[in-house]
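Protein chains in written order, with our numbering: chain A, 2 to 356; chain B, 7 to 368; chain C, 12 to 324.
Think of the CB as a built atom: it goes at the ideal place given N, C-alpha and C, for glycine as much as any other residue.
Remember, it's a predicted structure, so these values are computed and weren't measured experimentally.
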Amino acid sequence: MAGSGTAHLRGEDALLRVEELVVEYPTKGGVVQAVSDVSFDVLPGETLGIVGESGCGKSTTGRAVLRLDRMTAGRITFAGERIEKAPEKRMRELRRSMQMIFQDPQASLNPRRSVKDLVVEGLAVAGVPKEERAKVSREVLTQVGLGSERFANLLPRQLSGGQAQRVAIGRALALRPRLLICDEPVSALDVSVQAQILNLIEELKASHDLTVVFIAHDLGVVRAVSDNVLVMYLGKVCEFGDSERVYSSPAHPYTRALLDSVPLTDPDRGFNGPALEGDLPSPLNPPTGCRFRTRCPLAEERCATEPPQIREVRPGQYVACHFPLVSGPSPDAAPATSAEPAPAAAESQPAAGTA
Amino acid sequence: MNAQPEPVLAVRNLRAYIGTPRGAVRAVDDVSLHVGRAQALGVVGESGSGKSVMARAIMGLLPPRSACSGEVLFKGRDLLTLPRKERQEIWGKQIAMVFQDPGRSLNPVVRIERQLTEGMRKHLGIGKSEAHGRAVDLLREVGVPDPERRLRNYPHELSGGMRQRVMIATALACEPDLLIADEPTTALDVTVQRQILDLLRRVQRDRGMAMMLISHDLAVVAGRTDRVAVMYAGRLAETGTTRAIFAAPRHRYTHALLDATPSLDHQRHAPMRVIPGSLPDPTSPPPGCRFAPRCAHTTDACVDPGPRMTSADGVAAGMDHLIACVNPVAAPAAADGAAPASVGAGASPNTGLAKGGDLVGR
Amino acid sequence: MSADLSKPAAAGGGAAVAEKQAVTTAAGGEVTSAEPRVPTVRKQRSVLVYFAYTWLVLIIVLAAIASLLPLAKYSIPVDAPRIGPFGGDFDTVLGTDNQGRSILSRIVFGARVSLLVGAVASLAGALVGTALGMIAGYFLGRIDALIRLLTDALLAFPPLLLLLALSSILTPSVKTLIIGLALLVVPTFTRLARANTISWSSRDFIMAARNMGARRRRILLREILPNLLPGLGAYLPIVMAAMIVAEGSLSFLGMGIPPPTPSWGGMIADGKDAVADHPHMVMVPAVFIFLTVFALNQAGDHLRHRFDRTLHD
Numbered sequence: 002m003a004g005s006g007t008a009h010l011r012g013e014d015a016l017l018r019v020e021e022l023v024v025e026y027p028t029k030g031g032v033v034q035a036v037s038d039v040s041f042d043v044l045p046g047e048t049l050g051i052v053g054e055s056g057c058g059k060s061t062t063g064r065a066v067l068r069l070d071r072m073t074a075g076r077i078t079f080a081g082e083r084i085e086k087a088p089e090k091r092m093r094e095l096r097r098s099m100q101m102i103f104q105d106p107q108a109s110l111n112p113r114r115s116v117k118d119l120v121v122e123g124l125a126v127a128g129v130p131k132e133e134r135a136k137v138s139r140e141v142l143t144q145v146g147l148g149s150e151r152f153a154n155l156l157p158r159q160l161s162g163g164q165a166q167r168v169a170i171g172r173a174l175a176l177r178p179r180l181l182i183c184d185e186p187v188s189a190l191d192v193s194v195q196a197q198i199l200n201l202i203e204e205l206k207a208s209h210d211l212t213v214v215f216i217a218h219d220l221g222v223v224r225a226v227s228d229n230v231l232v233m234y235l236g237k238v239c240e241f242g243d244s245e246r247v248y249s250s251p252a253h254p255y256t257r258a259l260l261d262s263v264p265l266t267d268p269d270r271g272f273n274g275p276a277l278e279g280d281l282p283s284p285l286n287p288p289t290g291c292r293f294r295t296r297c298p299l300a301e302e303r304c305a306t307e308p309p310q311i312r313e314v315r316p317g318q319y320v321a322c323h324f325p326l327v328s329g330p331s332p333d334a335a336p337a338t339s340a341e342p343a344p345a346a347a348e349s350q351p352a353a354g355t356a
Numbered sequence: 007m008n009a010q011p012e013p014v015l016a017v018r019n020l021r022a023y024i025g026t027p028r029g030a031v032r033a034v035d036d037v038s039l040h041v042g043r044a045q046a047l048g049v050v051g052e053s054g055s056g057k058s059v060m061a062r063a064i065m066g067l068l069p070p071r072s073a074c075s076g077e078v079l080f081k082g083r084d085l086l087t088l089p090r091k092e093r094q095e096i097w098g099k100q101i102a103m104v105f106q107d108p109g110r111s112l113n114p115v116v117r118i119e120r121q122l123t124e125g126m127r128k129h130l131g132i133g134k135s136e137a138h139g140r141a142v143d144l145l146r147e148v149g150v151p152d153p154e155r156r157l158r159n160y161p162h163e164l165s166g167g168m169r170q171r172v173m174i175a176t177a178l179a180c181e182p183d184l185l186i187a188d189e190p191t192t193a194l195d196v197t198v199q200r201q202i203l204d205l206l207r208r209v210q211r212d213r214g215m216a217m218m219l220i221s222h223d224l225a226v227v228a229g230r231t232d233r234v235a236v237m238y239a240g241r242l243a244e245t246g247t248t249r250a251i252f253a254a255p256r257h258r259y260t261h262a263l264l265d266a267t268p269s270l271d272h273q274r275h276a277p278m279r280v281i282p283g284s285l286p287d288p289t290s291p292p293p294g295c296r297f298a299p300r301c302a303h304t305t306d307a308c309v310d311p312g313p314r315m316t317s318a319d320g321v322a323a324g325m326d327h328l329i330a331c332v333n334p335v336a337a338p339a340a341a342d343g344a345a346p347a348s349v350g351a352g353a354s355p356n357t358g359l360a361k362g363g364d365l366v367g368r
Numbered sequence: 012m013s014a015d016l017s018k019p020a021a022a023g024g025g026a027a028v029a030e031k032q033a034v035t036t037a038a039g040g041e042v043t044s045a046e047p048r049v050p051t052v053r054k055q056r057s058v059l060v061y062f063a064y065t066w067l068v069l070i071i072v073l074a075a076i077a078s079l080l081p082l083a084k085y086s087i088p089v090d091a092p093r094i095g096p097f098g099g100d101f102d103t104v105l106g107t108d109n110q111g112r113s114i115l116s117r118i119v120f121g122a123r124v125s126l127l128v129g130a131v132a133s134l135a136g137a138l139v140g141t142a143l144g145m146i147a148g149y150f151l152g153r154i155d156a157l158i159r160l161l162t163d164a165l166l167a168f169p170p171l172l173l174l175l176a177l178s179s180i181l182t183p184s185v186k187t188l189i190i191g192l193a194l195l196v197v198p199t200f201t202r203l204a205r206a207n208t209i210s211w212s213s214r215d216f217i218m219a220a221r222n223m224g225a226r227r228r229r230i231l232l233r234e235i236l237p238n239l240l241p242g243l244g245a246y247l248p249i250v251m252a253a254m255i256v257a258e259g260s261l262s263f264l265g266m267g268i269p270p271p272t273p274s275w276g277g278m279i280a281d282g283k284d285a286v287a288d289h290p291h292m293v294m295v296p297a298v299f300i301f302l303t304v305f306a307l308n309q310a311g312d313h314l315r316h317r318f319d320r321t322l323h324d
């Protein structure tokens with residue numbers, strides 16, 4: 002699972018293109034490569050889901066794209082502009098069109114500021130006059146479902162998790178961004194509230210022509226909102242492709258294992274497949290070759306010596322694995338439940354194109 | 007109350023209120039349930055449902071300035087009224103608990119061996135070398151590789167999954183009759199969560215132990231329990247066999263919660279079913295059914311007189327599947343079993359934003 | 012799970028168990044338990060806190076309007092020296108000092124000096140210290156190392172020695188005293204502000220602000236500072252109390268305010284030789300120092316408590 006290579010990039014039309022991104026940071030034990038040679042792109046109007054477990058580098062990737070974390074190497078292109086070396090001044094302007102929503106909604110809001118000020122914070126930074134801000138503030142709060150007057154003067158700690166996340170979404174929207182990076186936006190929320198927030202993001206995506214990068218550890222959540230998914234493990238890309246296809250017939254053993262580990266609301270089955278053995282290796286000292294090989298049921302000698310490159314296994318499905326579960330053009334090679342990939346593929350192709 | 011022969015734990019009309027400056031939080035309000043011998047009960051609810059407070063009440067771990075009433079019968083003895091000394095004998099030895107955050111429930115400056123053997127030596131009165139041997143066996147049982155070496159480690163030298171395994175081993179050390187696992191996998195990754203859930207179920211079955219598995223996630227308890235109790239805002243909503251509840255949830259809340267749970271076969275970009283609004287104020291819950299303000303099927307009777315616990319399939323069918331719902335989901339005559347999404351109840355998915363009026367500020 | 016509940020039964024304090032006997036309700040013949048009675052949680056308002064605030068207000072008001080009060084001049088004798096307190100006359104109600112000056116008058120005017128020195132020194136120190144601490148905590152790296160080196164050096168210097176050195180270079184006056192004391196306060200606030208800045212900077216809302224294009228200045232002043240103020244503000248009275256004591260000790264050593272201007276510490280110093288025969292000359296200012304410092308500490312604790320509550324509730 003070295004997951005190097007850029008075979009899966011789709012050319013010039015992408016709103017955001019990340020190539021060979023590397024993020025390293027020093028720790029007491031040595032340098033950790035949190036993101037190692039990761040490439041992906043997002044077409045305008047598309048939602049890309051980035052999935053993986055803790056330590057896979059998905060959040061670091063999200064922050065590095067906005068240049069909020071220092072990146073070590075790589076190229077980032079946003080709307081045709083190379084931004085990895087853009088000066089801080091240009092970055093400040095650019096960031097307004099690339100907004101972010103965080104996992105812990107309470108922590109992402111300044112505890113000493115009222116709701117009505119929080120949502121237009123970005124406009125205040127940009128120097129928009131006060132009357133204008135008050136107007137936008139009311140508009141945005143209505144859009145995120147907090148239109149009632151009584152929310153305007155509340156402080157973050159007086160809000161529930163879902164309400165706070167609505168404020169955070171409103172704050173991002175007020176800047177009229179083109180790209181929205183959602184870093185685990187619902188994992189801190191109750192199930193019944195999760196759906197509210199996911200629907201809100203979907204609605205606003207349509208009404209505001211947003212392109213979304215949706216980072217999550219929950220495959221079910223990603224499934225519901227994504228056109229494409231990027232599966233990461235220990236800083237590397239495992240698999241990239243149309244979400245219908247990746248979910249119905251995953252090509253990477255890790256993707257398979259992730260899907261099999263999701264508990265099902267089915268009293269008879271419990272899980273889809275067998276459990277994955279072992280623990281995540283230390284990121285300080287990642288395995289040679291494919292980083293997933295220490296836990297992979299299919300690992301062979303070659304996996305330890307030769308890092309796999311990303312390649313296309315089926316149209317629109319790319320995998321970094323020497324022994325992919327889906328090989329060649331035949332789509333029915335997946336071992337367990339592979340639900341009719343044909344109609345899914347037919348339907349997903351235009352879906353990516355229309356937006 | 008129930009026909010189950012001699013349950014290990016029977017909670018009867020338990021109330022646990024917690025004092026705050028804003029008034030008493032009615033965290034658990036008249037809840038009755040039971041766990042049979044060698045049985046696994048899943049307790050499901052969102053935050054504020056009272057599931058964790060109930061577990062704490064059973065374990066005598068309620069915060070100061072709280073009070074409870076009702077009965078917590080462990081093998082027929084009421085833990086709430088038993089003399090302190092006798093209760094201490096039960097807690098930790100006969101009832102053990104595994105917490106959500108394995109990082110915080112282990113003492114960071116004490117080696118695994120001492121944390122694991124302390125309880126054994128105290129409750130079972132065994133010597134150091136015997137305790138060591140048992141500790142090695144226990145770690146092996148919960149799937150910790152190289153147990154001899156792990157015993158000499160400090161908690162921070164273990165991964166989250168390993169720590170949770172150690173916690174489970176600690177809980178099992180005194181061979182409890184009941185294991186309470188409070189959100190044991192919430193802090194863990196999906197693949198590790200999977201391992202721990204499998205482990206808990208295996209240990210529970212192998213030892214013929216009773217288990218209470220508490221989670222906010224319906225899916226977590228689905229394949230790993232015999233019975234399920236669904237709680238909402240301090241009350242019991244529905245209880246019955248896991249199979250019956252997942253095949254055909256009858257309470258409107260259970261049904262809505264199952265609908266809102268994101269699943270792997272969700273249609274892409276299809277709006278999710280939502281439960282509008284948020285939890286009621288726990289210090290002054292609404293009258294009648296506490297789910298009524300958020301429920302799409304509320305009738306006048308939901309508020310007054312409100313629901314009472316009744317058999318879901320008529321008294322003749324037995325008291326095993328109980329619901330507290332005035333206007334329950336129709337019995338599964340036509341509905342196609344396990345796929346609740348197709349049950350007609352929530353026909354028009356509520357995709358809109360929650361109405362502001364339903365949101366209750368905390 | 013019936014909705015109708017029986018009357019609450021009696022319950023004790025703490026994690027009390029209400030009378031567990033089941034009650035049968037008339038309505039459905041269902042069994043339900045009694046509602047437990049939870050001990051009410053009251054906001055803890057002790058008499059001491061009230062006293063502390065009252066005392067502080069009283070002292071501050073008296074010091075502020077001292078020149079309007081019908082007090083004798085603090086520099087001119089009003090009666091025989093060393094008269095004990097509670098002796099009829101208004102001017103000598105707290106006795107007279109070595110030179111026959113009214114202790115009442117000197118206490119009130121002394122309050123001015125003591126409070127002024129305490130307040131100005133701690134405010135100035137807090138201001139400089141907080142600014143340094145925020146810069147160190149936000150930028151970290153080399154500038155942090157430098158600031159830490161400076162504060163550590165300042166902390167390692169025996170405070171008395173520092174003040175001695177200062178008063179030997181500069182002529183003793185209220186101003187030099189304030190500068191010296193403020194210098195002592197700086198490191199404490201630097202450390203406090205630095206630690207808090209580091210913890211607030213790692214919060215997501217700081218990252219959100221950066222992502223909205225906010226500059227460092229805005230982040231420091233508008234995002235971080237408002238969150239530091241309550242904590243630092245709660246600490247201020249405690250530092251002020253320490254400054255009043257410090258001023259007292261310095262005056263006692265003869266390095267404080269030059270005569271005839273009174274200060275509480277200076278008054279104790281004046282009376283110390285006669286303490287065996289006329290203890291009131293030491294006791295009266297000592298009681299005032301004690302009460303004021305005590306009240307300030309109480310106020311500080313109370314403020315910090317309130318701040319913690321608003322943060323976590």
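Out of the options, point me to the one whose CA is closest to residue i's CA.
i, options, result
"Met92/A", "Leu67/A, Leu265/A and Arg76/A", "Leu67/A"
"Lys237/A", "Gly317/A, Pro45/A and Ser55/A", "Ser55/A"
"Leu173/C", "Gly277/C, Arg159/C, Tyr61/C and Ile189/C", "Ile189/C"
"Ser161/A", "Asp191/A, Leu176/A and Leu174/A", "Asp191/A"
"Val41/B", "Val335/B, Thr231/B and Thr289/B", "Thr231/B"
"Asp38/A", "Tyr234/A, Pro45/A and Glu82/A", "Tyr234/A"
"Thr289/B", "Arg28/B, Val14/B, Glu12/B and Arg169/B", "Arg28/B"
From the DSSP output, read off the bridge partner residues of residue i.
i, result
"Pro34/A", "Checking the sequence shown, residue 34/A turns out to be Gln, not Pro. Per DSSP, Glu25/A."
"Arg83/B", "Phe80/B"
"Ala23/B", "Looking at the sequence provided, one finds Tyr at residue 23/B rather than Ala. Paired residues: Arg32/B and Ala73/B."
"Tyr246/C", "Looking at the DSSP assignment, Tyr246/C forms no beta bridge with any residue, so it has no partner."
"Lys237/A", "Tyr234/A"
"Phe97/C", "BP columns for Phe97/C are empty, so no partner."
"His40/B", "Ala16/B"
Taking all protein chains shown into account, do 16 or more other C-beta atoms lie within 10 angstroms of the C-beta of residue i, making it buried, or fewer, making it exposed?
i, result
"Pro1/A", "What the structure shows of chain A is the stretch from 2 to 356, and residue 1/A is not part of that stretch, so it cannot be assessed."
"Leu59/C", "exposed"
"Ala14/C", "For Ala14/C, the predicted structure reports a pLDDT of 38, less than 50, and the residue's modelled location is therefore unreliable. A value from the coordinates is still provided. It counts as buried."
"Arg241/B", "buried"
"Leu80/C", "exposed"
My understanding is that residue i touches residue j, with C-beta atoms under 8 angstroms, so please give their C-beta distance in whole angstroms.
i, j, result
"Gly66/B", "Arg93/B", "6 angstroms"
"Ala228/B", "Gly274/A", "With a Cβ gap of about 16 angstroms, Ala228/B and Gly274/A do not count as contacting."
"Thr201/C", "Gly144/C", "4 angstroms"
"Met251/C", "Gly129/C", "5 angstroms"
"Ala16/B", "Ala33/B", "About 20 angstroms separates the two Cβ atoms, so there is no contact after all."
request  = Identify each residue in the region 193-216 of chain C for which the Cβ-Cβ distance to at least one residue of chain A is less than 8 angstroms, and report them in chain order.
outcome  = Cβ contacts with chain A: Arg214, Asp215 and Phe216.
query = Listed from N- to C-terminal order along the chain, which residues in the region 105-117 of chain A have their beta-carbon within a distance smaller than 7 angstroms of any beta-carbon of chain C?
reply = Cβ contacts with chain C: Asp105, Ala108, Ser109, Leu110, Asn111, Pro112 and Arg113.
task = Check distances from the C-beta atoms of the region 38-51 of chain B to those of chain A and list, in chain order, the residues that come in under 7 angstroms.
result = Result list empty, no residue passes.
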